[in-house]
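In this note's numbering, the protein residues as written are 1 to 574. Written out below as structure tokens is the structure these notes cover.
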Amino acid sequence: MVTTLDKVDVVTVGVGWTGGIIAAEATKAGLTVMGLERGKKRGTADYQHVHDELKYAVRYELMQDIAKETITFRNNKDQKALPMRQQGSFLLGDNLGGAGTHWNGQTWRFLPYDFEIKSMTEERYGKEKLQEDDGYQFEDWGITYDELEPYFNTFEKTAGISGEDNPLGGKRSESYPTPPMLKSRMLRMFEEAANNMELNPIMMPSANLSQQYENPDGETINACQYCAFCERFACEFDAKATPEITVIKTAQKSDNFTLRTHANVVEIITDEDDDTKVSGVKFVDTLTGEEFIQPAEIVALTSYIFNNYKLLAVSDIGEQYDPETGKGSLGRNYCYQIFGGATGFFEEQFNTFMGAGALGMALDDYNGDNFDHEDLDFLHGGNMAITQTGARPILSNPVKSGTASWGEEFKEESIKNYTRVLSVSGQGATSPHKDNYLSMDTEYKDAFNVPLVQLTYNFTDQDRARQKYLAERAGEILEEMGASHVDLSAELTDYNIAPYQSTHNTGGTTMGADPETSVVNNYLQHWDRDNLFVVGAGNFQHNSGYNPTATVGALAYRCADGIIKYAEDGGRLE
């Protein structure tokens with residue numbers, strides 16, 4: 001039997017950064033909010049032995065249990081898609097806070113170019129540069145950087161981001177709320193080399209705070225201790241801005257907010273009397289197996305991109321993208337990320353074992369359209385950075401190319417190079433292509449008998465050219481830094497879902513000004529259902545040369561404004 005609960009104004013499906021932002025803002029506006037989180041409640045006090053590399057970085061204690069929920073994968077539609085049986089290429093978050101608990105804290109604003117990539121490229125280089133005849137599907141996002149800038153500013157204030165102005169980024173209305181982190185020796189070397197090459201290095205914007213900070217909602221974030229346990233770990237000192245210590249805590253101060261954990265949403269309920277709306281969601285209590293319907297005036301999908309897409313697909317909301325015809329927008333323009341970097345081996349030693357997730361220096365001279373692409377066979381580029389995240393002993397075994405991956409030589413080289421290796425990484429954009437998309441698998445199902453999401457993806461020729469270009473630039477910087485030997489990252493072949501690369505998945509529920517090529521408008525309101533909002537990196541029309549969190553946060557604040565406006569007036573938001 002299915003139990004129907006009392007109706008609320010807003011229900012969020014997932015309670016991480018996006019669900020927390022919407023809950024905090026909606027409750028401030030007087031709306032009642034039910035936050036449904038399929039994982040368990042957790043907080044700083046729940047973490048024991050938090051600096052256990054084996055438990056968290058190797059065995060993925062904080063990550064999604066893919067024995068219950070995973071995806072299937074293939075490189076192209078002629079292959080059979082098979083389930084991802086263990087965490088690999090990306091690490092999917094779980095429980096209250098989601099991936100916002102274990103992120104590194106690198107907090108970049110996407111460039112103005114990102115939001116208008118199609119029109120800006122065509123204006124500067126001509127339409128042929130978009131390579132549409134080769135299957136590329138670059139689209140403007142239906143919003144400009146200037147329109148989104150106030151929301152970037154709000155997110156940075158909420159998270160207390162530590163940073164400095166970027167001469168090659170978009171214009172800012174205010175400076176970062178806290179100053180940059182400490183500049184270590186290896187960062188100063190990168191800075192000097194970049195300046196010698198007439199580049200523009202800056203300290204990386206960081207959610208690992210340089211000093212204690214109280215945000216506008218009254219939540220306190222402490223100063224980073226540079227312990228080097230950020231990515232894949234929770235911060236037991238509350239010095240990394242996460243949803244649990246900011247927006248979720250703010251929402252929980254209000255009597256208008258209810259958090260329900262162990263609530264796995266399996267369906268969006270469509271309105272039988274009005275095909276322009278939805279009426280709520282159906283969820284399963286993962287502890288008892290009971291089924292519930294949560295009625296709501298407004299439904300906000302605020303989970304990870306695969307789950308947001310999945311709920312729309314299984315609920316038959318929107319038209320599934322077909323790569324053969326190009327019709328449909330749901331599942332369209334899935335993108336990932338590339339890394340074109342280099343590793344430098346030095347004779348001198350460095351303190352590589354201390355650091356923080358976003359302790360770094362970076363430059364945008366090779367990002368976006370900040371350099372001339374006229375004679376290049378790709379668009380966009382990547383952010384170039386050196387980071388001192390902390391070389392933890394189990395997963396840090398730096399050896400030169402050609403060294404055996406085990407045995408006496410491997411051990412000797414690993415020990416010697418542990419404090420003598422610095423890496424410069426070019427985090428590259430990826431190009432949307434007609435053959436890269438999300439769909440629903442017809443064979444495999446999850447623990448709740450719901451079909452799995454099927455990912456069809458491979459790197460494009462543009463991705464491969466961009467990665468090679470960035471690797472070469474990274475090598476030049478390391479040579480200028482004085483490395484005695486430099487190894488460039490291997491050139492891309494086919495995408496392999498097994499080794500870890502990045503958790504920066506994007507697309508599938510894209511935003512835009514045209515329902516033919518997007519799922520939601522620029523308030524993230526679904527084109528087909530006025531009271532349904534879809535929030536996350538799935539809204540990106542392509543992936544940029546940055547970490548996505550700040551842009552996701554800005555879009556969530558924009559969406560929260562839209563939800564509040566819709567609650568007041570209803571209808572289509574413009």
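Using N, Cα and C, we set each Cβ at its ideal position, and we do this for glycine too.
Excluding the 5 residues flanking it on each side, His102 has same chain C-beta neighbours closer than 7 Å at Leu62, Gly93, Glu231, Arg232, Phe233, Ala234, in chain order. Using a Cβ distance threshold of 8 Å, Lys445 and Leu452 count as a contacting pair. Between Met204 and Gly360 the beta-carbon gap is near 4 Å, inside 8 Å, which marks them as a contact. By alpha-carbon distance to Asn449, the top candidate from Asn264, Gly562, Gly512 is Asn264. The straight-line gap separating the alpha-carbon atoms of Gln501 and Arg473 is approximately 20 Å.
Remark: C-beta atoms of Val534 and His542 do not approach each other more closely than 8 Å.
In chain order, Glu290, Glu291, Phe292, Ile293 place their CB closer than 8 Å to the CB of Thr3, counting only its own chain and leaving out the 5 sequence neighbours on each side.
Note that the C-beta distance between Asp365 and Asn200 is below 8 Å.
Under the 8 Å Cβ criterion, the region 340 to 348 counts as touching the region 485 to 492, having at least three qualifying pairs. Distance from the CA atom of Glu272 to the CA atom of Gly538, rounded to whole angstroms, is 28 Å.
Setting aside the 5 residues that flank it on each side, Thr27 is surrounded in the same chain by Val33, Ala251, Ser254, Asn256, Phe257, each with a C-beta closer than 6 Å to its C-beta; the list follows chain order. Within the same chain, His262 come within 6 Å of Leu287 by CB-CB distance, once the 5 residues on both sides are set aside.
Approximately 16 Å separates the beta-carbon atoms of Gln462 and Phe540; this is outside 8 Å, ruling out the contact. Nearest to Phe152 by C-alpha distance, out of Tyr566, Gly553, Glu568, is Gly553.
Shortest Cα-Cα distance from Asp285 to any of Ser303, Pro243, Glu37, Ala550 involves Glu37. The beta carbon of Asn76 lies closer than 7 Å to those of Asp435, Thr456, Asn458 in the same chain, with the five residues before and after it left out.
Every unbroken stretch of the beta strand (DSSP E) spanning 3 or more residues and falling wholly within the region 404 to 450 is given here in chain order: 421 to 428, 437 to 445. Going by DSSP, Phe115 is part of no beta strand (DSSP E) but of the alpha helix (DSSP H) stretching over 112 to 115.
DSSP places Gln252 inside the alpha helix (DSSP H), whose first and last residues are 247 to 252. Take the alpha-carbon of Val10 and the one of Ile298: they are about 5 Å apart. From the listed residues Met1, Ser414, Val266, Asn496, the smallest Cα separation to Pro398 is found for Ser414.
Secondary structure at Ser489: coil, using DSSP grouped into helix, strand and coil. The C-beta distance from Glu267 to Val314 rounds to 6 Å, short enough to fall under 8 Å. Taking the Cα positions, Leu363 is about 27 Å away from Gly142. The alpha carbon of Asp494 has as its nearest neighbour, out of Arg74, Lys55, Ala57, the alpha carbon of Arg74. Counting only the Cα atoms, Ser303 lies some 16 Å from Lys68. In the three-state scheme derived from DSSP, where H, G and I count as helix and E and B as strand, Gly93 is classed as strand. With respect to the C-alpha of Phe353, the residue from Gly482, Tyr321, Thr325, Ala391 having the closest C-alpha is Ala391. Under the 10 Å beta carbon count, Glu191 is surrounded by 16 or more other beta carbons and is classified as buried.
DSSP places Asn264 in no alpha helix (DSSP H) but in the uninterrupted beta strand (DSSP E) bounded by 263 to 270. Between the C-alpha atoms of Leu130 and Pro432 there is a straight-line separation of about 11 Å. Of all C-beta pairs linking the region 557 to 571 to the region 211 to 222, fewer than three are shorter than 8 Å, placing the two stretches out of contact. For secondary structure counted as the alpha helix (DSSP H) over 4 or more consecutive residues, the region 181 to 233 holds these complete runs in sequence order: 185 to 196. In the three-state DSSP reduction, Asn104 falls in the coil class, being neither helix nor strand. Between the C-alpha atoms of Leu111 and Arg59 there is a straight-line separation of about 35 Å.
In the DSSP annotation of this structure, the continuous segment of the alpha helix (DSSP H) that includes Ile305 starts and ends at 305 to 314.
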